[in-house]
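Trainee: Quick one: structure below, then a few questions.
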Amino acid sequence: MFMSKPAVNPIQLLPTASVLLAALCLTAPAPLIAAAVEPTAPSGFVVKVFHPGVGERARHLAVRDNGDVFVSRRDGKLLVLRDSDADGSAEQMEQRDVPITSGLQLYNGYIYFSDNVSISRIRLDEALMPSAPVETIVSGFIEQGSHATKDFAINPAGELFVNVGAPSNACQESDRTPGSPGLDPCPLLERQAAIWRFAADEPGQQQTDGDRYVTGTRNIVALDWNPQAEALYFVMHGRDQLSFLWPQYFDDQASAESPAEEFHRAVAGGNYGWPYSYVNPASGKRLLAPEYGGDGRKPAPEHLYQQPLYAYPAHWAPNDLLFYTAGTFPEHYRQGAFIAWRGSWNRAPLPQAGYRVTFQPMQSGEPAGEPENFMTGFSGSDDLRKPGDAVYRPGGLALGPSGELYVSETVSGRIWQISYSGTAQ
Numbered sequence: 024m025f026m027s028k029p030a031v032n033p034i035q036l037l038p039t040a041s042v043l044l045a046a047l048c049l050t051a052p053a054p055l056i057a058a059a060v061e062p063t064a065p066s067g068f069v070v071k072v073f074h075p076g077v078g079e080r081a082r083h084l085a086v087r088d089n090g091d092v093f094v095s096r097r098d099g100k101l102l103v104l105r106d107s108d109a110d111g112s113a114e115q116m117e118q119r120d121v122p123i124t125s126g127l128q129l130y131n132g133y134i135y136f137s138d139n140v141s142i143s144r145i146r147l148d149e150a151l152m153p154s155a156p157v158e159t160i161v162s163g164f165i166e167q168g169s170h171a172t173k174d175f176a177i178n179p180a181g182e183l184f185v186n187v188g189a190p191s192n193a194c195q196e197s198d199r200t201p202g203s204p205g206l207d208p209c210p211l212l213e214r215q216a217a218i219w220r221f222a223a224d225e226p227g228q229q230q231t232d233g234d235r236y237v238t239g240t241r242n243i244v245a246l247d248w249n250p251q252a253e254a255l256y257f258v259m260h261g262r263d264q265l266s267f268l269w270p271q272y273f274d275d276q277a278s279a280e281s282p283a284e285e286f287h288r289a290v291a292g293g294n295y296g297w298p299y300s301y302v303n304p305a306s307g308k309r310l311l312a313p314e315y316g317g318d319g320r321k322p323a324p325e326h327l328y329q330q331p332l333y334a335y336p337a338h339w340a341p342n343d344l345l346f347y348t349a350g351t352f353p354e355h356y357r358q359g360a361f362i363a364w365r366g367s368w369n370r371a372p373l374p375q376a377g378y379r380v381t382f383q384p385m386q387s388g389e390p391a392g393e394p395e396n397f398m399t400g401f402s403g404s405d406d407l408r409k410p411g412d413a414v415y416r417p418g419g420l421a422l423g424p425s426g427e428l429y430v431s432e433t434v435s436g437r438i439w440q441i442s443y444s445g446t447a448q
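Numbering (my numbering), first residue to last: 24 to 448.
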């Protein structure tokens with residue numbers, strides 16, 4: 024089902040998006056599209072509504088050791104929920120206005136969060152919502168109109184990895200204009216289209232105080248530290264509009280099924296190819312972008328760009344990544360990666376896709392099998408044409424203190440708690 028690359032640079036790629044849909048249907052214990060509006064999980068798992076809806080624009084999650092669930096909202100609200108009677112549903116909620124649009128993580132006695140130009144934190148206390156002042160850790164990022172959220176991850180050593188997205192689709196001289204060539208070199212790579220690294224415990228840093236950890240990443244909302252591999256991993260949003268911008272090379276269906284959403288291990292100093300190249304999931308090849316002389320067939324220069332661990336179908340829109348490090352789910356899930364796929368606008372003429380949580384088996388830091396559906400039925404339809412018509416769109420993932428999985432969505436802010444009711448093997 025997957026095509027393999029040489030062992031020197033392993034990659035398992037999907038022939039086409041439609042083939043992946045068939046593969047997921049065959050390999051996943053959950054159905055590809057659930058008939059019910061409420062999402063479902065595989066047999067043996069219990070899905071509960073932890074909160075019916077904290078409001079639209081809900082984003083990421085973080086869970087304290089006492090079970091309190093923090094939620095980021097893109098309208099500048101930090102929320103926290105408490106299940107006081109341990110029945111799997113939250114009865115208490117408090118909110119606070121802070122500089123937040125996206126990322127959340129608990130680290131070293133603080134809750135960390137981000138808006139479009141900064142990373143901040145608040146010291147935790149015994150209250151439901153901590154009352155300490157907001158402390159800015161990093162600021163000075165360039166303000167930008169697209170791909171602006173500063174999603175991040177912190178490792179146990181206190182390294183803070185921050186996504187700085189590219190405010191562009193393909194770094195064209197005239198952005199999203201048919202036939203416009205790419206800027207060469209692309210000036211956005213100087214401070215954007217990269218993951219930057221900072222010290223998580225040092226307030227008052229500017230972007231220029233950090234170092235550019237990797238480059239050539241169009242936009243990363245889904246990133247997480249893998250403690251087993253002791254490395255940062257991410258799933259990158261691929262570019263859009265191949266057929267609109269370059270109709271001489273791509274028809275609409277080819278554009279809907281390419282380029283791949285790429286799953287990577289971050290290698291310090293690595294170049295991940297944007298805007299000069301993209302991965303075609305049909306061929307398994309990294310190709311030269313049309314803005315830089317490509318025609319849908321010309322290969323990108325060899326050994327210059329990192330190859331993905333997996334290439335997922337186009338325009339699924341990865342919104343969060345979580346490595347499962349607890350022991351309550353069956354052995355199959357331990358150390359593997361959950362990915363929340365929000366769905367995108369750029370799938371015509373095909374139906375919209377994504378709208379699910381998948382599970383990627385992992386072993387020794389490498390994919391160890393095909394991806395599986397884990398939670399499906401978010402969209403409410405298997406022929407969704409407009410993203411705005413989806414009932415739910417997956418947003419965030421978090422691990423609870425007893426090994427339960429929390430999943431949020433962005434339409435109404437509904438939050439689910441998934442636990443395992445069987446005997447973990």
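Note that beta-carbon positions come from the ideal geometry of N, C-alpha and C, so glycine has one too.
Short of 7 Å in beta carbon distance, which residues of its chain neighbour residue 254, apart from the five on each side in sequence? Order them along the chain.
Mentor: On the sequence shown, position 231 is the one that residue 254 refers to. Excluding positions up to five away in sequence, the list reads 288, 289, 388.
Trainee: Could you compute how far the alpha carbon of residue 342 sits from the alpha carbon of residue 365?
Mentor: Here residue 342 corresponds to residue number 319 of the sequence shown, with the count starting at 1. Here residue 365 corresponds to residue number 342 of the sequence shown, with the count starting at 1. Their backbone Cα atoms lie some 6 Å apart in a straight line.
Trainee: What three-state label does DSSP hand residue 431 in the structure shown?
Mentor: As a first step, residue 431 must be located in the sequence shown, where it is residue number 408. Strand.
Trainee: Following the continuous beta strand (DSSP E) through residue 286, name the residue where it begins and the one where it ends.
Mentor: Locating residue 286 in the sequence shown gives position 263, where the first residue counts as 1. 284 to 288 is the extent of the beta strand (DSSP E) around residue 286.
Trainee: Around the Cβ of residue 131, are there at least 16 other Cβ atoms within 10 angstroms (buried) or fewer (exposed)?
Mentor: Counted from its first residue, the sequence shown places residue 131 at position 108. Residue 131 comes out exposed.
Trainee: Identify whether residue 424 lies in helix, strand or coil by the three-state DSSP scheme.
Mentor: For the purposes of this step, residue 424 is taken as the residue at position 401 of the sequence shown. Coil.
Trainee: Could you spell out the range, first to last residue, of the alpha helix (DSSP H) harbouring residue 265?
Mentor: For the purposes of this step, residue 265 is taken as the residue at position 242 of the sequence shown. From DSSP, the alpha helix (DSSP H) with residue 265 extends over 265 to 268.
Trainee: Please name the residue in 134, 291, 305 whose C-alpha comes closest to that of residue 333.
Mentor: In the sequence shown, residue 333 corresponds to position 310, counting from 1. The candidate whose alpha carbon is nearest that of residue 333 is 305.
Trainee: Please list, in chain order, all residues of the same chain as residue 363 whose beta carbon is under 6 Å from its beta carbon, the five residues on each side excluded.
Mentor: What you label residue 363 is simply residue 340 of the sequence shown in a count that begins at 1. Here the set comprises 342, 343, 380, 417, 420.
Trainee: With a cut-off of 8 Å, do at least 3 Cβ pairs link the stretch 222 to 230 to the stretch 159 to 168?
Mentor: Touching, yes, given that three or more Cβ pairs across the two stretches are closer than 8 Å.
Trainee: Please give the ranges of any beta strand (DSSP E) in the stretch 270 to 355, keeping only runs that are unbroken, at least 3 residues long and fully inside the region.
Mentor: Taking only runs of at least 3 residues, the beta strand (DSSP E) segments lying wholly in the stretch 270 to 355 are 284 to 288, 300 to 303, 308 to 311, 333 to 335, 341 to 346.
Trainee: In angstroms with no decimal places, state the Cα-to-Cα distance between residue 261 and residue 336.
Mentor: Here residue 261 corresponds to residue number 238 of the sequence shown, with the count starting at 1. Here residue 336 corresponds to residue number 313 of the sequence shown, with the count starting at 1. Roughly 10 Å between the two C-alpha positions.
Trainee: Whose C-beta lies closer than 8 Å to the C-beta of residue 206 among residues of the same chain, with five residues either side of it excluded?
Mentor: Here residue 206 corresponds to residue number 183 of the sequence shown, with the count starting at 1. Within the same chain, residue 206 has close Cβ partners 194, 195, 196.
Trainee: Buried or exposed for residue 458, going by 16 or more other Cβ atoms inside 10 Å?
Mentor: Outside the displayed range of the chain (24 to 448) lies residue 458, so it cannot be described from this structure.
Trainee: Report yes if the C-beta distance between residue 359 and residue 385 is below 7 Å; otherwise report no.
Mentor: Position 336 of the sequence shown, counted from the start, is the residue given in the question as residue 359. Position 362 of the sequence shown, counted from the start, is the residue given in the question as residue 385. Yes, the Cβ-Cβ distance between residue 359 and residue 385 is below 7 Å.
Trainee: Excluding five sequence neighbours on each side, which residues of the same chain lie with their C-beta closer than 7 Å to the C-beta of residue 107?
Mentor: Taking the first residue of the sequence shown as 1, we reach residue 107 at position 84. For residue 107, where only same-chain residues beyond five positions count, the Cβ hits under 7 Å are 114, 115.
Trainee: Near residue 3, which residues of its chain fall below 6 Å by C-beta distance, leaving aside the five closest residues on each side in sequence?
Mentor: The structure shown does not extend to residue 3, since the chain spans only 24 to 448, so no value can be given for it.
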